[in-house]
Amino acid sequence: MVERFFAWINRSRRLAKDFEGIIASAEAFLCAASTMLLIRRLARHT
4 MVERFFAWIN
14 RSRRLAKDFE
24 GIIASAEAFL
34 CAASTMLLIR
44 RLARHT
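Printed below as a string of structure tokens:
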């Protein structure tokens, strides 16, 4: 399950490489990508 999550997250161009200099902004982008992934998957099942 974890490997699948990382594969989904790596599809995000912004997160494919770590261009962020500040850890907080990289963490925020990871949170945003995870949220978008969850929303898309939930919308597909409803």
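Taking our numbering, the leading residue of the sequence shown gets 4, the next gets one more, and so forth. Heads up, the beta-carbon is just placed ideally off N, CA and C, and yes, glycines get one too.
Am I right that residue i and residue j are in contact with their C-beta atoms under 8 angstroms? What's the rounded C-beta distance?
i, j, result
"A36", "S15", "4 angstroms"
Is the beta carbon of residue j closer than 9 angstroms to that of residue i?
i, j, result
"I12", "L41", "no"
State the start and end residues of the unbroken alpha helix (DSSP H) segment that holds residue i.
i, result
"I12", "5 to 13"
"T38", "26 to 47"
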